[in-house]
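J.:
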Amino acid sequence: MFQDILARDAARIQKQFDLVLGGLDDLDVTHAMAYATEGGKRLRGFLVLESARLHGVDPAQAIWPATGIEALHAYSLVHDDLPCMDDDDLRRGRPTVHVKWDEGTAVLAGDALQTLAFELCARPEVGSAEARAELVLTLAKASGVQGMVLGQALDIAAETAKSPLSLDQITRLQAGKTGALIEWSACAGARLAGADPEPLRRYARDLGLAFQIADDILDIEGDAAIAGKRLQKDTEAGKATFVSLLGLDTAKSRAAELVDRACDALEGYGSTAETLKDAARFVIARDS
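Note that numbering that gives the first Met the number 0 has the sequence shown beginning at 0, numbered continuously upward.
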């Protein structure tokens, strides 16, 4: 089953985090880094590992960028939870980093996890200098002001906008905030193999948008105890979401259409891409 594969890869990534973080100094900031990287679906890391398997890349190479993208994702969550951002006190069913420690430690832990991500992608174990440079360059674009940070900035700006975002605007926002790292993850295996990442890029763009629509649906229909975080924040804040713009039923239909398109983008890989197709179906069927 797909969830077994996802759990297996999550365990591999956790083992790698234990290796990488275990040798660091005994400080609050390093403990906070380890805490922030525990748990979660680790879908992004799975996408790195699975796209590498699709291209015959050694898992011993792929585990480094797979762990790296999860470090970067963890940094984004730590900072996103801060009082100056979304001001959340619960993440993955546990106190957020700034609640468990303090804001200063949370900022530093996030900073350190971000730089760790690039370090892990640049490790000699990953592959050729050209492949490592490509991973680092594309990750910088995906995580910075051309990608995730852009999406977050647009989200903050929307909070003080005079009118709610349009569907095109929220699609652009989420393509950066959520989609950019998912796209990078899905393309990583092709980049490691020196192959054309375009089919995986098309797959990931639809997957990332379906993922965010599913998140918006979960925010309305989900169980906070299962999700491990506070729900209906956007509704309470009056923010535009795919559900508020499309309606619940249309949003569900749109997510299903995106999953079908994502799967169609993988047809050239034949049966070897079935696990990635299962991943696309999973993102709109999950409960957290």
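Using N, Cα and C, we set each Cβ at its ideal position, and we do this for glycine too.
So, is residue 205 buried or exposed, given that buried needs 16 or more other C-beta atoms within 10 angstroms?
T.: When all chains shown are included, residue 205 counts as buried.
J.: Alpha carbon to alpha carbon, what distance is there between residue 72 and residue 18?
T.: Taking the straight line joining both Cα atoms gives about 18 Å.
J.: To the nearest angstrom, report how far apart residue 246 and residue 216 are at their CA atoms.
T.: Looking at the two C-alpha atoms, the distance is approximately 10 Å.
J.: Roughly how many angstroms lie between the CA atoms of residue 178 and residue 203, to the nearest whole one?
T.: So the two alpha carbons sit approximately 8 Å from each other.
J.: State buried or exposed for residue 289, treating a residue as buried only when at least 16 other CB atoms are found within 10 Å of its CB.
T.: This structure gives no information on residue 289, because the portion of the chain shown stretches from 0 to 287.
J.: Check whether the region 70-84 touches the region 97-112, counting contact only when three or more Cβ pairs, one atom from each stretch, lie closer than 8 Å.
T.: Enough Cβ pairs lie closer than 8 Å, so yes.
J.: Within 10 Å of its beta-carbon, does residue 166 have 16 or more other beta-carbons around it, so buried, or fewer, so exposed?
T.: The residue is exposed, with fewer than 16 neighbouring Cβ atoms inside 10 Å.
J.: Taking a contact to mean a Cβ-Cβ separation below 9 Å, would you say residue 49 touches residue 146 in this structure?
T.: No; because the gap between Cβ atoms is not below 9 Å, this pair is not in contact.
J.: One question on the structure: do residue 173 and residue 211 come within less than 9 Å of each other, judged by their Cβ atoms?
T.: A contact, by the Cβ cut-off of 9 Å.
J.: Tell me the rounded alpha-carbon separation between residue 280 and residue 3.
T.: Cα to Cα, the separation comes out at about 15 Å.
J.: Please classify residue 131 as buried or exposed, where buried requires at least 16 other C-beta atoms within 10 Å of its C-beta.
T.: Label assigned to residue 131: buried.
J.: Between the C-alpha atoms of residue 285 and residue 192, what's the straight-line distance to the nearest angstrom?
T.: C-alpha separation (whole angstroms): 31 Å.
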